[in-house]
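Input: a single structure, listed below in structure tokens.
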Amino acid sequence: MRILISGAGVAGPVLAYWSNRRGLSPVVVERTSAPRVGLGGHAVDLFAPAVEVTARMGLDRALREARTELDTMALVRPGKPMVEIAFDALAPAFADDRHVEIMRGELTTMLHAATRDDVEYRFGDSVRSLHEDVDGVEVTFESGSTRRFDLVVGADGLHSAVRRLTFGEEGRTLHHLGGYLAVFSVPSHLALAGRTVLYNGVNRIAAVYPVKQTGRARAVLVFRRTGPGPRDHRDVAAQRQFVRDTYAGEGWEVPALLDAMEHADDFYFDSISQVRLGSWSRGRVTLVGDAGFAPGPAVGGGTTLAVVSAYVLAHALAEARGDHVAALAAYESRVRDYVRTCRDAAPRAMRDGIPSSRAHRAANTAALRLLPRLPGWAHRRLLARGVSSALSSFTLPD
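Note that the working numbering numbers the sequence shown so that position 85 is 83, with each residue one more than the last.
What follows is the structure in structure tokens.
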């Protein structure tokens, strides 16, 4: 089976690896001109099922050596000492040895290295159109070339071109949760040393954490704002201004972070939106990861979903022995409840994590101080509905 995979981020290479291992013929097309390698992006969490997939790829040791080694959150309280809490006290899944936090750029570097010798990559190109007939899909690329495939998989993220070509414009498939995310590098002048320092405003938060490999730090700004944001998701100038306007007047280190943002060459911005589809397959086209069911950047565990869904799809394709209809039905059946559980938890995470008032902010601070002191049964019950628990709940096929 000839498979075109659009997207070389996380889901794409995982699907390519396991498809190739199972005797299929994957080709990966990626619009960027070179592999997405290095230390870019933000810290992402891989929970137990995703860590198991990467371990089966032989990446366990490399993954653990690349851990961010962030173990503590320090909560800023103006005029008062910071409140510090261990991450593994925030959720049982963080204490699990099968949880790994890693910089996204390091993860994509590992995944590309694991596939580049066995899988065909086409960089600097993307899908322009899809024409399906009874025998396959004719794909026209932006470069002008055409090729035929038995299956096309969109692994091209929240703003998926494959999803748009197959299911219609973004307005029909994206559901905005009312929040936004900005990530960029900043000088590491705070005493971070394994700590994520978190500042809570009303309807906005700012976090800074160290990147051990570079000696610098990452700033993460997550905020809730009514009204439309920047219309073009590639208009960086408008995005920066939107962030600056939102955080105007905030205290702590926020003004310095905004100044650093203006000069950051790795600035990333997007809305916190979910992809909601009744089915993420149509004919010989299907979607994995954020392209099909993004739970929401920064709140829903999209990286774990990307790894798991890619693995399950490859497994279903191999089991079906060329029957794409049976394979896609099995794929959706196996991951649907998992996707729904994680996606349903994401709005709660954003609602609870971004204070909507001063009273909400005070309540969050009090809860964080109380959490480590709760008895084990109360702690587990309180956190059982969280995103991390949902993400750890999937059992992989062999």
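Where is the CB? At the ideal position from N, CA and C, for every residue including glycine.
All figures in this text were calculated on a predicted structure; none of them were measured in a lab.
In this chain, Ala189 is not harboured by any beta strand (DSSP E), its DSSP state being neither H nor E. For a cut-off of 8 Å, the C-beta gap from Gly287 to Gly300 is around 7 Å, short enough to register as a contact. For Leu156 against Ala217, the beta-carbon gap comes to about 21 Å, at or over 8 Å, which does not count as contact. Taking C-beta atoms under 8 Å as the contact rule, Val333 and Val305 fail to qualify, at a distance of about 12 Å. Look at Gln239 here: in three-state DSSP terms it is helix.
Excluding the 5 residues flanking it on each side, Asp148 has same chain C-beta neighbours closer than 6 Å at Met(-1), Arg0 and Gly134, in chain order.
Around the CB of Gln211, fewer than 16 other CB atoms lie within 10 Å, so the residue is classed as exposed.
Inclusion of Val132 and Leu2 in the CB contact set at 9 Å is not warranted, their separation being larger than that value. Rounded to the nearest angstrom, the Cβ distance from Thr66 to Glu99 is 5 Å, consistent with a contact under 8 Å. Within its own chain, the residues whose Cβ lies closer than 7 Å to the Cβ of Tyr15, once the five positions on either side in sequence are excluded, are Met55, Ala112 and Thr113, listed in chain order. Looking at the DSSP output, Gln211 sits in no beta bridge, so it has no partner there.
In the three-state DSSP reduction, Thr30 falls in the coil class, being neither helix nor strand. Ala308 places its beta carbon 9 Å or farther from that of Tyr245.
Excluding its 5 nearest sequence neighbours in each direction, Asn198 has C-beta neighbours in its own chain below 6 Å: Pro353 and Arg359, listed in chain order. Bounds of the alpha helix (DSSP H) holding Phe291 are Asp288 to Phe291.
Residue range Leu149 to Gly152 is occupied by the beta strand (DSSP E) that includes Gly152. Listed in chain order, the non-local C-beta contacts of Ala32 below 7 Å within the same chain comprise Phe121, local neighbours out to five positions each way being set aside. Setting aside the 5 residues that flank it on each side, Arg274 is surrounded in the same chain by His173, each with a C-beta closer than 6 Å to its C-beta; the list follows chain order. For Val337, the enclosing alpha helix (DSSP H) begins and ends at His322 to Gly351. If you draw a 10 Å sphere on the C-beta of Glu260, you find fewer than 16 other C-beta atoms in it, and that means exposed. Bounds of any beta strand (DSSP E) do not take in Asp115, whose DSSP letter is neither H nor E. The continuous beta strand (DSSP E) containing Phe267 extends over residues Tyr266 to Val273. Between the segment 21 to 40 and the segment 70 to 83 there are fewer than three inter-stretch CB-CB distances shorter than 8 Å, so the stretches are not counted as touching.
For Met55, no alpha helix (DSSP H) run applies, since DSSP gives it neither H nor E.
For Asp43, the enclosing beta strand (DSSP E) covers residues Ala41 to Leu44. Arg161 is positioned such that its CB atom lies closer than 9 Å to that of Asp154. Per DSSP, Ser183 is one residue of the beta strand (DSSP E) stretching across Leu172 to Val184.
By a beta-carbon distance limit of 8 Å, Glu50 contacts Arg96. Their separation comes to about 7 Å. Listed in chain order, the non-local C-beta contacts of Ala312 below 7 Å within the same chain comprise Leu13, Trp16, Ser17 and Arg20, local neighbours out to five positions each way being set aside. In this structure Ser279 is buried. Its beta-carbon is surrounded by 16 or more other beta-carbon atoms within 10 angstroms. Selection Ser390, Asp396, Leu394 and Pro395 evaluated against Ala46 yields Ser390 as nearest (Cα-Cα).
Cβ-Cβ separation between Pro208 and Ser186: approximately 6 Å, consistent with a contact (criterion under 8 Å).
Per DSSP, Ala159 lies in no beta strand (DSSP E); the unbroken alpha helix (DSSP H) holding it starts and ends at Ala159 to Phe165. In the structure shown, Asn362 adopts helical secondary structure according to DSSP, grouped into three states.
Under the DSSP definition of a beta bridge, Tyr197 partners with Ala204. Taken through DSSP and simplified to helix, strand or coil, Phe85 comes out as helix.
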